[in-house]
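To start, the structure itself, in structure tokens.
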Amino acid sequence: MKRIGVTGHRGIPAEARAHIRAGLRAVLRGHQGSMEALSSLAVGADQLFADIALDCGAELTAVIPSGDYEQGFTDPEELAQYRRLKALATREVRLAFPYSTDEAYYAAGAYIADHCDRLLAVWDGLPARGHGGTGDIVRYARDLGKPVTVIWCEGLKRD
Numbered sequence: 087m088k089r090i091g092v093t094g095h096r097g098i099p100a101e102a103r104a105h106i107r108a109g110l111r112a113v114l115r116g117h118q119g120s121m122e123a124l125s126s127l128a129v130g131a132d133q134l135f136a137d138i139a140l141d142c143g144a145e146l147t148a149v150i151p152s153g154d155y156e157q158g159f160t161d162p163e164e165l166a167q168y169r170r171l172k173a174l175a176t177r178e179v180r181l182a183f184p185y186s187t188d189e190a191y192y193a194a195g196a197y198i199a200d201h202c203d204r205l206l207a208v209w210d211g212l213p214a215r216g217h218g219g220t221g222d223i224v225r226y227a228r229d230l231g232k233p234v235t236v237i238w239c240e241g242l243k244r245d
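FYI, in our numbering the residues of the sequence shown are 87 to 245.
Following this line, the structure appears as structure tokens:
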């Protein structure tokens with residue numbers, strides 16, 4: 087089974103969404119055979135990836151960084167989307183962090199990088215804004231020698 091993980095920005099500019107969806111779909115549809123998709127189901131790239139992966143027939147593994155992770159979803163629609171995707175997951179990996187901290191986010195991203203065969207990064211190429219951000223996880227995966235596919239619209243800045 088091919089394992090594909092995701093890391094990416096929460097804030098995706100509206101003008102980039104169609105391009106990013108198409109890029110994610112192209113990579114996932116280009117794979118032959120069974121597939122496992124690893125995502126923390128955060129708003130933005132994680133949820134886009136999870137939705138598309140499920141649509142492409144992948145088994146979803148939800149990597150939950152902390153015990154209070156759900157409390158970070160302040161928008162009711164975003165929380166509902168998180169719960170919907172989590173309910174569709176074949177497997178859930180819950181990390182032992184009680185609270186959502188940068189350390190917990192980094193650990194979740196590292197878990198995904200450690201357990202995937204390829205990492206998709208919805209990333210503008212800029213450094214992470216906090217420890218455990220997209221740039222940190224891309225660097226971590228590359229240091230492991232994992233293939234990383236970056237999907238972004240050149241010249242656009244994240245929200």
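We put the CB at the ideal spot given by N, CA and C, even for glycine.
Check                                                                                          : Outcome
M87 versus T93 - alpha carbon distance                                                         : 20 Å
8 Å contact criterion, which T220 and W209 should meet: CB distance rounded                    : 5 Å
Among D141, A148 and D200, nearest to R115 - alpha-carbon criterion                            : D141
With 16 other Cβ atoms within 10 Å as the buried cut-off, status of S120                       : exposed
Within 9 Å, strictly: CB atoms of I90 and A139                                                 : yes
Contact check, L181 vs Q133, beta carbons under 9 Å                                            : no
Per-residue burial, Y185 [other beta carbons within 10 Å of its own, 16 or more giving buried] : exposed
Helix, strand or coil at I98 according to DSSP, with G and I counted as helix                  : coil
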